[in-house]
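The structure under discussion appears below in the form of structure tokens.
Below you can see the structure in the form of structure tokens.
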């Protein structure tokens, strides 16, 4: 057991990367990024804005995690960041599709509504919504605004 509390609270606010991965099905999407100023830097010059409540964290490497249903083919809002990823396989499960993607050195899964018909090695544009990212330090502990205040 890594964390106690109501299930929805543990899912939404895991205390560490182990807990976040335990509660993710399909698997949690994660990537190690460098924070520089107000951005996390992604491959190809893409910048993912640091959530406002975490702007005070030091510049360093962090693991960014997000749930498969928070990766999408359509821009969910103006703040969502587009990235190009390569399809490795698509699983159709009834009315939903699990699209497995390669981005940089990371393997991600996108949970999408509907039946999607991608071919292996198709390049697709997907969107990450910075409002839904989780940030973990180099020891895998969640970085939160409350820890900054302590």
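Residue numbers (our numbering): 151 to 300.
Don't be surprised by glycine CBs; every beta carbon is placed ideally from N, CA and C.
Own chain residues within Cβ distance below 7 angstroms of residue 185, not counting five before or after: As a working note, residue 185 is residue 35 in the chain shown. Within the same chain, residue 185 has close Cβ partners 200, 207, 209, 210, 212.
Identity of the residue in 217, 225, 260, 214 nearest residue 235 by Cα: Working through the chain shown from its first residue, we reach residue 235 at position 85. Among 217, 225, 260, 214, the Cα nearest to that of residue 235 is on 260.
Pairwise C-alpha distance: residue 160 and residue 169: What you label residue 169 is simply residue 19 of the chain shown in a count that begins at 1. What you label residue 160 is simply residue 10 of the chain shown in a count that begins at 1. Rounded to whole angstroms, the separation of the alpha carbons of residue 160 and residue 169 is 8 angstroms.
When 267, 251, 230 are compared against residue 245, the one with the closest alpha-carbon: Position 95 of the chain shown, counted from the start, is the residue given in the question as residue 245. When only C-alpha atoms are compared, the closest one is 267.
Residue 261, DSSP secondary structure in three states: Mapped onto the chain shown, residue 261 falls at position 111. Strand, per DSSP.
Sub-7 angstroms separation of residue 264 and residue 167 beta-carbons: Against the chain shown, residue 264 aligns to sequence position 114. Against the chain shown, residue 167 aligns to sequence position 17. Cβ atoms of residue 264 and residue 167: not closer than 7 angstroms.
Residue nearest to residue 202 in terms of C-alpha spacing, selected from 215, 191, 187: Mapped onto the chain shown, residue 202 falls at position 52. Residue 187 is the option with its Cα nearest to residue 202.
Span of the beta strand (DSSP E), counted from its first residue to its last, around residue 181: Translated into the one-based positions of the chain shown, residue 181 becomes position 31. It spans 179–186 - the beta strand (DSSP E) in which residue 181 sits, taken as one unbroken run.
Opposing strand residues paired with residue 278 [DSSP bridges]: Walking along the chain shown from the start, residue 278 turns up at place 128. Bridge partners of residue 278: 221, 231.
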